[in-house]
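Engineer: What follows is a structure written as structure tokens; I'll ask about it next.
Here it is, written out as structure tokens:
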């Protein structure tokens, strides 16, 4: 094959753009691989001047921050692309959003600064809706979970069944007050949990925390919970999450 | 009456099944219409998994053609895997469409496209989940018309109890005519109910309604006759032919799935029909005559299809793409247009000659080299004469060697096992041919680093082909030959290491043979196999030979026949075949003559380049061969590439 290597090579990256996108409604069942294929097609549909890696089978320059699990909605997924020509980020956002199915929505696009996106993401905020669970029962389970130093849960991984602690990575877990049931129109109870989890290895995902609530307090949702990632970013000492694109926006400002 | 979405119930089940995205819809190109703003509503089903069904061209074409009509709504549905099927039954969620998740039973028509007979059990699952009675006779005015299409509908007799009607041949115009009949019948207030609607369909003479025909049998189990049981339907039902492919440039807006599917490419059919005359090939027989799509229409479709979909692969499809009269200009024109892009172009390359390699060279100009596949189909010169695949061993070796010396390191060779008159020797020759290919290829390429893959499919005799009378070989004989071939390939270790070997066992082919050439009595076998859990019979992990053999043993003795009677038995000239009342245009006497010619190893030419040999299609269907060249060329695209921002 060596003699067939392309001689010219690929055009260099002249602009890097960071994008926040959402996975909403039914399209939350899109897996990360599915999204990656759809995004590459969207780049072509939008005629975005994407840069390619060198070599015989060039790949588009796209890198993803940690992706939400399949079936989990998200308002805060991030990726970065390298372009071989400069574009207006807002025009690119509109073009990509139009090129993706509704429900895969491109929310923001900013020119990247020198820092790394991955270095700015070490925690996520999640919202967990538990239809048919009384908020008081959820609050009791959350308290039991909070009172423990360690909650061992099990999950099937590619390496087999793994047991790990789901408690230490959780920096905030609380049942949020609400005036009306948000997802159930028929007046059935629905508890909503606000959750902040640090990125650790092995990853602690919302379903692991739900397993933790079962282990700690026997909480068993009768219908599948509905989970949404609300934010990703840097966890501050105060427990807040800083938008990872803040720094890019700041350095894009003149002066 | 408006029809709601079942998605809220389905959504509760999706976190518990594998690959839930396949049930969600939301593809680019998908259309969701207001139910109440339409009058005729079609649910189109490809009765296999979404990953196989979504790319299907036939469904995509009909979906687009129907949805272009303002008062028509078409949605799609696919077979659900057993994990979701069990949950749907447990929770009372009915069969749904992926577009708007409407219940299948609410539609006017459930149209099923059968590319293969192995989808029959999946049809029964879908009917069952939809709450539609399995038997056509038990359906009422609230049930959809269950309509079969696709190649298998050229013998729909095994599913005659389950379907209400079948269409043979091209669907583009047929679905619009059926829509018109339903529209009118509904506007008149549905006079005469379901039976009247079916009668109106049958009177077109090109829609087969099995209930209007009776089958009588001889004491020995053979068919005595198939005759209409009422005076106002035709004795024979004709296939449809769409003549002007340039007038039907579909799909224009291909469906682009989020889920991973077997083909992720924009496929353009560059012609329909084939007159090469391979005697095993049902597609080549039932889609005659050859009708080309012109180079300019193909160029336009590729450009717009890529822009719409964002695909980076284009397939130029047909039954023998190198035979298009303008294929050279088409390939060089497209290669030129996409030379500086990452778009790859491919041609299913089955013709065994050097021209094919020239085309492949042309298409890989931008460095994106796709695989090369040649289909000699038979291992010995003798068996290739029997099947009318005119290629000599020298041609084959010369062609493959040309590929190796032009830089290809891997080629795939496709063969069949179980062909009529086949002996062990015919199959062993496949191995010797592969050895010769590697030896000559190593010399030509100047390296030992070349490979070929030998891929073997099981022969299944199909209706409306010269082999419709042929006996099938027993699975154990096939399996023994395949084992022998493996030993032959590995008899020289150095050569054997360079040869990949892929094959299918003989058992699934035998069952496909039963379903292909079966009559109405086979319907009871399909039902029994489904009741015993038969699903996804095209998938080796779901197919159970034992289940089918048991089902045959339980059901067929009551009719005085058995599995062998349908499969390994040779039919005689005088026998009434279950599909004789279904007219593919092919003259039965010509088919018989071709079968006899096959036995005497006499070859038949291609009528595109030699005089008509009277297969019967053109005069009986009032059609003709439509080939170019048109003399036109593809013009290079102007390379403007601004960001496509919607207004």
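Chains as they are written, first to last, in my numbering: chain P, 100 to 354; chain G, 1147 to 1793. No residue lacks a Cβ here, since even glycine has one placed at the ideal position from N, Cα and C.
Check the C-beta distance from residue 229/P over to residue 320/P and give it rounded, since I have them as a contact under 8 Å.
Structural biologist: The pair is a contact, with the Cβ atoms about 5 Å apart (cut-off 8 Å).
Engineer: Whether or not the stretch 1338–1354 of chain G and the stretch 1310–1318 of chain G are in contact is what I'm after, with contact meaning three or more pairs of Cβ atoms, one per stretch, closer than 8 Å; do they touch?
Structural biologist: Verdict: yes, contact present.
Engineer: I'd like the list of long-range same chain contacts for residue 1406/G, defined as Cβ closer than 7 Å, with 5 residues on each side in sequence excluded.
Structural biologist: So the list reads 1197, once near-sequence residues are dropped.
Engineer: Between residue 1158/G and chain P, is the shortest Cβ-Cβ distance under 8 Å, so that the two count as touching?
Structural biologist: Yes, residue 1158/G counts as interfacial toward chain P.
Engineer: Using a Cβ cut-off of 8 Å, pull out every chain P residue sitting near residue 1237/G, in sequence order please.
Structural biologist: The contacting residues do not exist; residue 1237/G stays about 11 Å from chain P at best.
Engineer: Scan the stretch 296–310 of chain P for residues whose Cβ lies nearer than 8 Å to a Cβ of chain G and list them as they occur along the chain.
Structural biologist: Answer set for the stretch 296–310 of chain P: empty.
Engineer: Return the chain-ordered list of same chain residues with a C-beta closer than 8 Å to the C-beta of residue 158/P, the five sequence neighbours on each side being excluded.
Structural biologist: Here the set comprises 151, 152.
Engineer: Going by other Cβ atoms of all chains shown within 10 Å of its Cβ, with 16 needed for buried, is residue 1447/G buried or exposed?
Structural biologist: So residue 1447/G counts as buried.
Engineer: Name the chain G residues whose beta carbon is nearer than 7 Å to that of residue 129/P?
Structural biologist: Neighbours of residue 129/P on chain G, chain order: 1167, 1404.
Engineer: Using C-beta distances below 7 Å, list every residue in its chain close to residue 1535/G, excluding the 5 sequence neighbours before and after it, in chain order.
Structural biologist: Around residue 1535/G: 1424, 1522, 1523, 1524.
Engineer: Enumerate in chain order the residues of its own chain whose CB-to-CB distance from residue 283/P is below 6 Å, with the five nearest sequence positions on each side excluded.
Structural biologist: The predicted model places residue 283/P with a pLDDT of 48, which falls under 50 and marks its position as unreliable, so this point remains unresolved.
Engineer: Identify which residue in 1484/G, 1485/G, 1509/G, 1481/G has its Cα closest to the Cα of residue 1494/G.
Structural biologist: Closest by alpha carbon: 1509/G.
Engineer: Taking residue 318/P as the query, report the chain G residues whose CB atoms sit under 9 Å from its CB, ordered along the chain.
Structural biologist: Those within 9 Å of residue 318/P in chain G number zero; the least Cβ separation is about 17 Å.
Engineer: On the three-state DSSP scale, how would you describe residue 1449/G?
Structural biologist: Note: residue 1449/G maps to helix in three-state DSSP.
Engineer: Quick one: using the 10 Å Cβ neighbour count with 16 as the cut-off for buried, is residue 1579/G buried or exposed?
Structural biologist: Buried.
Engineer: Pairs of beta-carbons, one from the stretch 1436–1452 of chain G and one from the stretch 1160–1172 of chain G, closer than 8 Å: are there three or more?
Structural biologist: Segments in contact, no.
Engineer: Which residues in the same chain as residue 1597/G place their Cβ atom closer than 6 Å to its Cβ, once the five residues preceding and following it in sequence are excluded?
Structural biologist: Contacts found: 1556, 1644.
Engineer: What are the partner residues of residue 319/P, as DSSP defines its beta bridges?
Structural biologist: Answer by DSSP bridge pairing: none, since residue 319/P is not bridged.
Engineer: Quick one: is residue 132/P near chain G, going by C-beta distance under 8 Å?
Structural biologist: Yes, its Cβ sits closer than 8 Å to a Cβ of chain G.
Engineer: Compute the minimum distance between the beta carbon of residue 1239/G and the heavy atoms of the ligand NAP, and state whether it is under 7 Å.
Structural biologist: Annotation note on the ligand NAP: not contained in the displayed structure, which lists no ligands.
Engineer: Can at least three beta-carbon pairs, one atom from the stretch 1676–1685 of chain G and one from the stretch 1281–1288 of chain G, be found at a separation below 8 Å?
Structural biologist: No: fewer than three Cβ pairs fall under 8 Å.
Engineer: I'd like the list of long-range same chain contacts for residue 1388/G, defined as Cβ closer than 7 Å, with 5 residues on each side in sequence excluded.
Structural biologist: Closer than 7 Å at Cβ, skipping near neighbours: 1316, 1318, 1319, 1394.
Engineer: Output yes if chain P places a C-beta closer than 8 Å to the C-beta of residue 1790/G; else output no.
Structural biologist: Closer than 8 Å: yes.
Engineer: Could you have a look at residue 292/P and say whether DSSP puts it in helix, strand or coil?
Structural biologist: Reduced to three states, the DSSP call for residue 292/P is strand.
Engineer: State the DSSP-derived secondary structure class of residue 1615/G, mapped to helix, strand or coil.
Structural biologist: Helix, per DSSP.
Engineer: Could you tell me how far apart the beta carbons of residue 88/P and residue 182/P are, in whole angstroms, since I believe they sit closer than 8 Å?
Structural biologist: Only positions 100 to 354 of chain P appear in this structure, which leaves residue 88/P out of reach.
Engineer: Got a sec: is the Cβ-Cβ distance from residue 1213/G to anything in chain P below 8 Å?
Structural biologist: False, the Cβ-Cβ gap to chain P never drops below 8 Å.
Engineer: Taking just the CA atoms, how far does residue 1260/G sit from residue 1202/G?
Structural biologist: If I take the Cα positions, the gap works out to 11 Å.
Engineer: Could you check whether the Cβ of residue 143/P sits closer than 8 Å to any Cβ belonging to chain G?
Structural biologist: By this cut-off, residue 143/P is an interface position.
Engineer: Can you list the beta strand (DSSP E) stretches of 3 or more residues lying completely in the stretch 156–215 of chain P, in chain order?
Structural biologist: For the stretch 156–215 of chain P, whole beta strand (DSSP E) runs of length 3 or above, ordered along the chain, are 161–163, 172–182, 203–210.
Engineer: Any C-beta of chain G sitting closer than 8 Å to the C-beta of residue 146/P?
Structural biologist: So yes, residue 146/P belongs to the interface.
Engineer: So does the stretch 1293–1310 of chain G actually touch the stretch 1247–1262 of chain G, counting three or more Cβ pairs closer than 8 Å?
Structural biologist: Yes, since at least three Cβ pairs between the stretch 1293–1310 of chain G and the stretch 1247–1262 of chain G fall closer than 8 Å, the two stretches touch.
Engineer: Return yes when the Cβ of residue 1471/G is within less than 8 Å of the Cβ of residue 1775/G, no when it is not.
Structural biologist: Yes, the pair counts as a contact, with Cβ atoms nearer than the cut-off.
Engineer: Looking at chain P, is there any beta carbon in it that lies within less than 8 Å of the beta carbon of residue 1498/G?
Structural biologist: False, the Cβ-Cβ gap to chain P never drops below 8 Å.
Engineer: Please state whether the Cβ-Cβ distance between residue 137/P and residue 199/P is less than 8 Å.
Structural biologist: Yes, the Cβ-Cβ distance between residue 137/P and residue 199/P is below 8 Å.
Engineer: At which residue ranges does the stretch 1217–1270 of chain G contain complete beta strand (DSSP E) runs of 3 or more residues, listed in the order of the chain?
Structural biologist: Qualifying beta strand (DSSP E) stretches, in chain order: 1218–1225, 1255–1259.
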